[in-house]
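Enquirer: Protein chains in written order, with numbering that gives the first Met the number 0: chain G, 0 to 162; chain H, 0 to 781; chain R, 0 to 296.
Take this structure first; my questions come after.
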Amino acid sequence: MKKIITVTVNGTEYESAVNPNMTLARFLREGLGLFGTKEGCGVGDCGACTVIMDGQPVNSCLVLAVEANGSAIVTIEGIGEGGKLHPVQEAFIEAGAIQCGFCTPGMVLVAVNLLENNPSPTENEVRQALSGNLCRCTGYQKIVEAVERAASKIVCGERAGEL
Amino acid sequence: MKKTYHTVNSRVPRVDARAKATGEARYAADLAMPGMLYGALLQSSLPHARILNIDVSRAKMLSGVKDIVTAKEAGTVKYGVSPARYDETVFCADRVRYVGDEIAAVAARDPETAQEAASLIRVEYEPLPALLDIDSAMSDGAVLIHDDFPGNIGAEVHQEFGDVEEAFKGCDIVRTDRFVNKRQDGGFLEPQACVAQYAEGHLTVWSSTQSVHYVQRSLSMVLGIPIGKVRVIKPYVGGGFGPKAAVNTIELAASLMSMRTGRPVKMVFSREQVFMHSRARHQFVHELTTGVKKDGTIVALKNTCHLDGGAYSSFGIATIYYAGSLLGAPYKLANMKYDGYRIYTNKPACGAQRGHGGVAARAAFEQQLDIIAHELGMDPVEFRLKNIMKTGDVTCNDFNMSSLGMKECLDAVRDGSGWTEKKGKLPKGKGIGVACGFFVSGAGYPIYRSETFHSTATIRLSEDGGGANLYTAAAEIGQGSDTILSQIAAEALGVAFGDVKIYSGDTDFGIDLGAYSSRQTLMSGHAVKAAAEDVKRQVLEVLSDELNVPRDDMDIENGIVIFATGRPDFSAVRSAYAKEHRGWVQSSLPEGLTFKEAARLAFLKRGVIVGNGAYKPGELGGKYKGAAVGTSPAYGCSAQVVEVSVDMGTGRVTVDSMTDAHDCGFAINRTNVEGQMQGSLSMGLGEALFEEVKFDGGGRVINASLGEYRIPTSLDMPNVRTIIIESNEPNGPFGAKEVGEGAIMPTIPAILNAIYDATGVRMNELPVTSERLYTAIKNKVK
Amino acid sequence: MLFLPRFDYEEPRTLPEALDILSDLRSDTKVIAGGTDLIVNMKKGSVDPARIVSLKRLKGIRGITRKKEIVAIGSYTTAADIARSDVIARSFPVLRKAALSLGSPLIRNRATIGGNIATARPAADLPPALIALGARIKLRTKGTNRTVIPDVFFIGPGRSILGKDEIITEISLSTLPPFTGADYIKLGHRAALEIAIVAVASRITLDSPDGVIRDARIVLSAVAPTAVRALSAEGALLGEYPSDELFAKAASLAMNDCSPVSDIRGGADYRRDMVRALTIRTLANAYREACGQGVGL
Ligand SMILES: Cc1cc2nc3c(=O)[nH]c(=O)nc-3n(C[C@H](O)[C@H](O)[C@H](O)COP(=O)(O)OP(=O)(O)OC[C@H]3O[C@@H](n4cnc5c(N)ncnc54)[C@H](O)[C@@H]3O)c2cc1C
Ligand code: FES
Ligand code: FES
C-alpha cells in the first residue's frame, strides 16, 4: 500500500504517495525528476547516490523514501543559488576535479557538508570525508585540491563579507 | 621558435564541467521518453550448457509485458569486434558459454515487471563441462567452446625479430621470470545503459558508449537496417576505460524490441551485470626471458603469453598482439620473439582496458629489468637510461619513434622524487621503485579492415561569424575530448575558446572511431584542426579578394586578422558590418579587423561557411603478419617513481608517494593531462594491490560489487606529483600525442619494485594483497 | 538496476506500539533501523520480509547519556553519533575507533549500533569493542525485558538470541576502572569501505601503573562464527607483569582460540597469523594507554 510522505527537497516541500519499496534515490530521480542523484551500485558501495539528509550525507540508494518522511533533503540541484555556483562547484570546475562527472554530485555534496562543519580541513580530513565516494577517473588528487581551494574561497569570501 | 598560443597548452576549464558540477548533465540512465518501455535480460545461470528448450509462456502472461525476444526473434547473425572473429549472436541459440550469457530479453511497462518476466522464462539446459581456466581449456580432450577452434585456442600469434636464441648466446645474464595478473574490471562508476527508439524506419540509440561508430555499424549489420538509418548518440558517459568500446547486448536487444513494439525501450545494467558483461582486462600469464650484457645492454627478449579470454573474442584479437608488440620499446632491442595464445574459457569475455594488452606485460618486463639491474649492480634508473630509445629510433618491429621524451621523463622522476638520496638508503619496510611505460597514440588501423577515415570534423560558422559550431562523432567519456577538440578548433581558427561550441558523440556528426587506443587527441584533433583551417582558408580567400591582399599574407589570431605586411584599408568591410548592426548594442570594434567582420563578409559572398577535416594515418609499420597492431602515428612514454611502506607484520602495502612524468608530446590542456595521469595512477594502484575478479567453481563472479571488487578510495591514494613532458610530436596536432592510456603503464611495476626495495621480496602475481605479500615474506624468511 | 521486493511498512510512534506490532510473532517481519544492512540484503534477495517495522520515530532510543558510572547508548544511535560523542571519546576511545572503522562516512551516518549488533555478522565492527568493554545489551518484547552480555548474544553468522518480537533498545557500558587501556585494530584491504579480514579488540586493566594485569579481554573478530574471546590468551595475562614477551605469548595462544576459515577476504592460515600480529599490537597499545592516566574518567 502506498504511503503519503512529506519531504522537503532543496527547500521545497513535496507531498507524495510512494510505495514502501521505493528508495529515496529512485524517488528523487523518477518521482521528482532530480537526475543529478546517480546510481552506480545501489548497495552503498560507491557514493554516487549521495544526498544530504537532515544535515548529513547519506547513500540514498539505501534509504527508503518512506523513511525520509519529514526529513529535509538536499541534492546536487540544491547546491548553488539562483544560477550562481557554490564555491565548491566553482572550485571543482577550476581545479579540474571533474572528469566523467558521475561521482561529482556526491563529491560536491560531501565537500559542501564537510566545509559547513569544518571550514578549514586538513588534507587527511578531506580524504576521510570523501572516503565513501568512489571516483575511478581522477585518482582523487584534483578533487582533494578542489576542496582545499573551496575552503579558502569560502574563508576569504566570509572575510570579504565581514569588511 | 616557440609559438605563442592562445588556448592550447592552457588550463581552460572543461566545457562540460558546469553541467556536471550542477547535476544537469544527463547520462543514458537519466533519459526518459513518452511511452517508454523498460527491458530486462535473462542471462545464463550455467557456465556451459546446451539449450534444449526455452519456454516464455509464463512470462508472456504477466500483465505489463510487451515483448519477449530470444534467438528465434533476433536471428543468429554473428557479430563481434573484429571481423576476423565474429563469434557472438545477440542471444544464445543453442548454447550458453558463461554465467551471464544472454538468452532472452523482455520489454515491459516498468523495470520490475520486465525483471519479473525475465525470471519467469524457463530454460532447459544440458550442462557441458565448464572450462574455467587456461589449463583446463587447453587440456587434451577438453570440449570445444567454439567448434572451429581446436584446443580452445581462439587466436595465436608468433613473431620473431632478429634471432633471439642466437642473441642469448652472447649475453652475460639470461633470466626467465613468470608473471601473472588477474582479470580486472573497468570499475567505471556508470553502469552501461541505453535507450533505443525505432520510428518510421529510423533507429536512434542513446547509449553509454565509447564509440558511436562501432555501435552504429554493429546495429546496422546485426539488425539489418541500412547504416544511414541508424543513429547512435552518446549522452554524457560516466567513464569507460575500454569495456564500453564495443556494441553490447542491451543496445542490440533494446533496438530489436523497439523495432517490434514501436516504442522506445530503455535498458540499464545492474552493477552485477557490469561484471558479468566484463569486456575488461584479461588475465595474462607471461613468461619472459631477457638477455643482457655485463655493461647493461639489453640484447634480446623472449615473451610467451597465455591470455584467459573468456567465452568470446571481443577485442581479444587486438589484445593478444598488443601483449607482445608493445614490449621492447621504449628500450633499444634488436631481438624479440613473441608467442601468444588467447584461450577461450567459460567466463565472461575479456576485452580492452586502459593500456590495452600491455599492462601486465609491462609490469612483468619492468620488474624483470629491475631484477637484472640489481644483478648487474647498476642503479635501475641508470640501467634504463643506458637502454632507452630516443626520437628518430625505430624498433625491431618497425615502430617509428617520431618523438620520444623518455630520457626527459626518467630525469624528471629521478630528480622530482629524490631518487638518488633515497635509493638503497631507506629503512626496512620502506621502499622506492622506478619503472617506465610506453603506449600507442591511436591504433594505426581501424578494427575492421577499411580505408575509412578515422576521424572527421565539420565546423560551421554562424552567419555573423561570432560562433563556430564544431561537429564530431568523437566520444567524450570523461577524458576531456570535448574540451581538447574545442581548444584545437579555437586555436587553429584563431578565435576565442568561448566562441567554439562543440556537438559531439553522434553518428550524424561524422565518423569517429571513438575513445579507445588513446587516439582522440591526436586523430580527432587532426580532423578538427583541418576543419578549422579549412574554415579559416575560406574566410581569408574572400577577404583576399576584397582587400586585394594575398591570402598567404594574412592570418587570424585571437579573433583578429593579422597582416604580414602593413595594414590594408579595410574601412569598407568595417562600415558594411557596422551598417548591418545599426541599433545593436555592441562594444566598439578594436583597431584591427576582427574575425567576425571577415566571417560576415565571407557569409555574404559565399553563404554558410562550412569547413571539413578528415584524418587517417598514412601507411605505418612493417609488412609481417600482425604488423598493423601496435603501429601508431606516434608513441607516448612515461616514467614513475613510487615509494611504499610495507607493514612487515601484516603484509599491508601503503603507497606513500608517486612521482610520474609523461611525454604527451604537447599538452593541449595541462589540467586534463594531469587528470589522465592521476586517474591512471589510481587505476594502476588498484590493479597492483586490490583488484581481482573472482569466480566460484560454477563460473559465477563472486565479487561482482564495488564492495568486494575494490577500486582505490581517496584514503588509498597518496598525494601524487605529475610532471608533463613535451617532446613535440611531428605527427600530432600542435605536437600532441597520447596520455589517457599509456599513463597507467609504469605504475604497477614501480610499486612492485618499491615493494622489493622495502622487503627483499619479488611478487610475480597480482594483486599484491596483504596476504600474498605476508606469505611471500614469511616463505622467504623460512 | 536492483529493486526492492514489495512489503508493508509500519511506522510506530512509541516503543510499546512497536512491540505490540511485533508481538504477533510473524516470521516475515523485519525491524529497520539505518537500513544499511537490511536494504542491501533485500536488494540482493537474501531476505524478503512482507512487513517492515521502522524504529525511526521511536523516542528515547537514540543518543548517548551518562548517569554516574553508566553510559547508555540508545540502539538507534549511529556509528557517526558514537564517533562524534565526547562522552565516548573520553570514556571509551576504543569504541570510537571501532565506530570510525565501520564502512564509510556515508554508511556511518545511517548505520546504527543496534543494527550492527542485530545483524550478528562475524566481522561486524562494534561487537568486539563492546565485548572487550563488558557492554550489556537491553532487549525488550511486549511482555519481557532482559539484559544480556554480547558474549552470549551471538550464536553464529547472522544468528543471535534475538527473538522475532524483540527489539534491542539500549547498550550500556560501565565506566572503566583506573589503569585500564584498550585498542581495536581492523585489518582490511582498503583504507575505507572494508569488512575486516581480521580484527582484534583488547583491553587490559593494571593493578597500578607498574603493577600486574588484573583484568584482560581479548576479542577476535572475523575468525570464528561470531566474535570470540581469546580465553586462553586472556588467562595467560592475568596476574602477570606486562611485557613484550608476555603479549607475544598471549598472542600465540590467541591463535588457537579461534577457528578461521578461508573465504573471499582471506585464507585461514593468514587469518590465524594476523590474530597473533593484531593481538600483540592491540595489547601493546592498550598497555600504553593503561599506564598513562588511564581512560577511566
Ligand atoms: C557499503 C557498506 C559498508 C559496510 N561496512 C561495514 C563495516 O565496515 N563494518 C560493519 O560492522 N558493518 C558494515 N556494514 C554493515 C552495516 O552497515 C552495519 O552492520 C550497520 O551497523 C547495520 O545497522 P543498521 O542500522 O543500518 O541496520 P539495519 O539494516 O536497519 O538492520 C540490520 C538488521 O538488524 C535488525 N535490527 C536493526 N535494529 C534493530 C533493533 N534495534 N532491534 C532488533 N533488531 C534490529 C534488522 O531487523 C535487520 O535484520 C556495511 C554496510 C554497507 C552497505
Ligand atoms: S548507488 Fe548508492 S552507494 Fe552506489
Ligand atoms: S569523475 Fe568519473 S568517477 Fe569521478
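For each residue, glycine too, the CB sits at the ideal point set by N, CA and C.
For clarity, every value in this text was computed on a predicted model and none was experimentally measured.
Is the beta carbon of S43/H sitting closer than 9 Å to the one on V105/H?
Expert: Your numbering for residue 43/H matches position 44 in the second sequence. Your numbering for residue 105/H matches position 106 in the second sequence. Against a cut-off of 9 Å, the Cβ pair of V105/H and S43/H comes out as no contact.
Enquirer: With distances taken from CA atoms, which of G664/H, A531/H, V607/H and V291/H is nearest A613/H?
Expert: Taking the second sequence and counting its residues from 1, one reaches residue 613/H at position 614. Checking every option, the nearest Cα to that of A613/H belongs to A531/H.
Enquirer: Whose C-beta lies closer than 7 Å to the C-beta of I279/R among residues of the same chain, with five residues either side of it excluded?
Expert: Here the question's residue 279/R lines up with position 280 in the third sequence. Closer than 7 Å at Cβ, skipping near neighbours: F246, A247 and A250.
Enquirer: V30/R and A117/R - do their beta-carbons sit closer together than 9 Å?
Expert: The residue given as residue 117/R occupies position 118 in the third sequence. The residue given as residue 30/R occupies position 31 in the third sequence. Against a cut-off of 9 Å, the Cβ pair of V30/R and A117/R comes out as a contact.
Enquirer: Leaving out five residues before and five after A598/H in sequence, what residues of the same chain have Cβ atoms less than 7 Å from its Cβ?
Expert: Translated into the one-based positions of the second sequence, residue 598/H becomes position 599. Excluding residues within five positions, the ones whose Cβ falls inside 7 Å are L460, G464, V538 and I608.
Enquirer: Just curious, the alpha helix (DSSP H) that F594/H is in, first and last residue?
Expert: In the second sequence, the residue the question calls residue 594/H occupies position 595. From DSSP, the alpha helix (DSSP H) with F594/H extends over F594 to R605.
Enquirer: K163/R: which of G34/R, A17/R and I196/R sits nearest, CA to CA?
Expert: Within the third sequence, residue 163/R is the residue found at index 164, counting from 1. Closest option to K163/R, Cα to Cα, is A17/R.
Enquirer: Using a cut-off of 8 Å between C-beta atoms, extract the partners of R189/R located in chain H.
Expert: Here residue 189/R is taken as the residue at index 190 of the third sequence, counted from 1. By Cβ distance, chain H contributes F689, R709, P711, T712, L714 and D715.
Enquirer: Using a Cβ-Cβ distance cut-off of 9 Å, determine whether Y139/G contacts chain H.
Expert: Looking up residue 139/G in the first sequence gives position 140. Interface residue, yes.
Enquirer: Buried or exposed: where does M0/H fall if 16 or more other Cβ atoms within 10 Å of its Cβ makes it buried?
Expert: What you label residue 0/H is simply residue 1 of the second sequence in a count that begins at 1. Here M0/H scores only 41 on pLDDT, less than 50, and its place in the model should not be relied on; the value that follows carries that caveat. Burial call: exposed.
Enquirer: Counting only Cβ pairs nearer than 7 Å, list the residues of chain R close to G697/H.
Expert: Numbered from 1 along the second sequence, position 698 holds the residue referred to as residue 697/H. Residues of chain R passing the Cβ test: none, with the nearest at roughly 15 Å.
Enquirer: By how many angstroms is the C-alpha of V641/H removed from the C-alpha of D256/R?
Expert: Walking along the third sequence from the start, residue 256/R turns up at place 257. Walking along the second sequence from the start, residue 641/H turns up at place 642. Rounded to the nearest angstrom, the two C-alpha atoms are 40 Å apart.
Enquirer: Quick check: the Cα distance between G43/G and G10/G, rounded to an integer number of angstroms?
Expert: To locate residue 43/G, count along the first sequence from 1; it is residue 44. To locate residue 10/G, count along the first sequence from 1; it is residue 11. About 25 Å.
Enquirer: Secondary structure at W418/H, three-state DSSP: helix, strand or coil?
Expert: Position 419 of the second sequence, counted from the first residue, corresponds to residue 418/H. Looking at W418/H - three-state DSSP - the assignment turns out to be helix.
Enquirer: Closest to V645/H by CA distance: which of L688/H, S56/H and G356/H is it?
Expert: Taking the first residue of the second sequence as position 1, residue 645/H is located at position 646. With distances taken between Cα atoms, V645/H lies closest to L688/H.
Enquirer: With distances taken from CA atoms, which of D392/H, I319/H and E374/H is nearest A359/H?
Expert: Translated into the one-based positions of the second sequence, residue 359/H becomes position 360. Taking only the C-alpha atoms, the option nearest A359/H is I319/H.
Enquirer: If you check the beta carbons only, do G22/H and P56/G fall under 9 Å apart?
Expert: Residue numbering aside, residue 22/H sits at position 23 when the second sequence is read from its first letter. Residue numbering aside, residue 56/G sits at position 57 when the first sequence is read from its first letter. Going by C-beta atoms, G22/H is not nearer than 9 Å to P56/G.
Enquirer: Ligand 1 heavy atoms versus the CB of L619/H: any closer than 8 Å?
Expert: Position 620 of the second sequence holds residue 619/H. No.
Enquirer: Between M266/H and chain G, is any beta-carbon pair separated by less than 9 Å?
Expert: Mapped onto the second sequence, residue 266/H falls at position 267. False, the Cβ-Cβ gap to chain G never drops below 9 Å.
Enquirer: What does G266/R touch in chain H if you count any residue whose Cβ is under 7 Å from its own?
Expert: On the third sequence, position 267 is the one that residue 266/R refers to. Simply E770.
Enquirer: K2/H: buried (16+ other C-beta within 10 angstroms of its C-beta) or exposed?
Expert: Indexing the second sequence from 1 puts residue 2/H at position 3. Counting Cβ neighbours within 10 Å, K2/H comes out exposed, since fewer than 16 surround it.
Enquirer: Does the beta carbon of Q98/G fall short of 8 Å from some heavy atom of ligand 3?
Expert: For the purposes of this step, residue 98/G is taken as residue 99 along the first sequence, with counting starting at 1. Yes, the Cβ of Q98/G comes within 8 Å of a heavy atom of ligand 3.
Enquirer: Please name the residue, chosen from D124/R, G34/R, N40/R and G44/R, that lies closest to V227/R on a Cα-to-Cα basis.
Expert: Your numbering for residue 227/R matches position 228 in the third sequence. Nearest of D124/R, G34/R, N40/R and G44/R to V227/R, Cα basis: D124/R.
Enquirer: What I want to know is whether the C-beta of T111/R ends up closer than 8 Å to one or more non-hydrogen atoms of ligand 1.
Expert: Taking the third sequence and counting its residues from 1, the one referred to as residue 111/R is at position 112. Yes - ligand 1 has a heavy atom lying nearer than 8 Å to the Cβ of T111/R.
Enquirer: Any idea what DSSP makes of D662/H, helix, strand or coil?
Expert: Locating residue 662/H in the second sequence gives position 663, where the first residue counts as 1. Correct three-state label for D662/H: strand.
Enquirer: Can you check whether the C-beta of L680/H is within less than 9 Å of a C-beta belonging to chain G?
Expert: Within the second sequence, the letter at position 681 stands for residue 680/H. Yes, L680/H lies at the interface with chain G (some Cβ there is under 9 Å from its Cβ).
Enquirer: Could you compute how far the alpha carbon of P92/R sits from the alpha carbon of T179/R?
Expert: Residue 92/R sits at position 93 when you count from the first residue of the third sequence. Residue 179/R sits at position 180 when you count from the first residue of the third sequence. Those two C-alpha atoms are separated by around 11 Å.
Enquirer: Nearer than 8 Å: is that true of the beta carbon of G33/R relative to any heavy atom of ligand 1?
Expert: To locate residue 33/R, count along the third sequence from 1; it is residue 34. Correct: G33/R has its Cβ closer than 8 Å to ligand 1.
Enquirer: Taking the straight line between their C-alpha atoms, what separation do you get for R95/R and A82/R?
Expert: Within the third sequence, the letter at position 96 stands for residue 95/R. Within the third sequence, the letter at position 83 stands for residue 82/R. R95/R and A82/R: Cα-Cα distance of roughly 5 Å.
Enquirer: Does the distance from the CB of H212/H to the CB of D507/H come in under 9 Å?
Expert: Taking the second sequence and counting its residues from 1, the one referred to as residue 212/H is at position 213. Taking the second sequence and counting its residues from 1, the one referred to as residue 507/H is at position 508. No, they are not a contact pair.
Enquirer: Should the region 313-328 of chain H be called in touch with the region 162-171 of chain H, which here means at least 3 C-beta pairs below 8 Å?
Expert: The region 313-328 of chain H vs the region 162-171 of chain H: no contact.
Enquirer: Does the beta-carbon of H157/H have 16 or more other beta-carbons within 10 angstroms, so that it is buried, or is it exposed?
Expert: Start at 1 with the first residue of the second sequence, and residue 157/H comes out as number 158. By the neighbour-count rule (16 or more Cβ atoms within 10 Å), H157/H is not buried but exposed.
Enquirer: Output yes or no for whether 9 Å exceeds the beta carbon distance between S440/H and P632/H.
Expert: As a position in the second sequence, residue 440/H is number 441, starting the count at 1. As a position in the second sequence, residue 632/H is number 633, starting the count at 1. A contact, by the Cβ cut-off of 9 Å.
Enquirer: Using a Cβ-Cβ distance cut-off of 9 Å, determine whether F153/R contacts chain H.
Expert: As a working note, residue 153/R is residue 154 in the third sequence. No, F153/R lies away from the interface with chain H (no Cβ there is under 9 Å from its Cβ).
Enquirer: For a cutoff of 9 Å on Cβ pairs, would you count M254/R as touching chain H?
Expert: Along the third sequence, one-based indexing puts residue 254/R at 255. So no, M254/R is outside the interface.
Enquirer: So, with DSSP's three-state summary, where would you put N334/H?
Expert: Looking up residue 334/H in the second sequence gives position 335. Strand.
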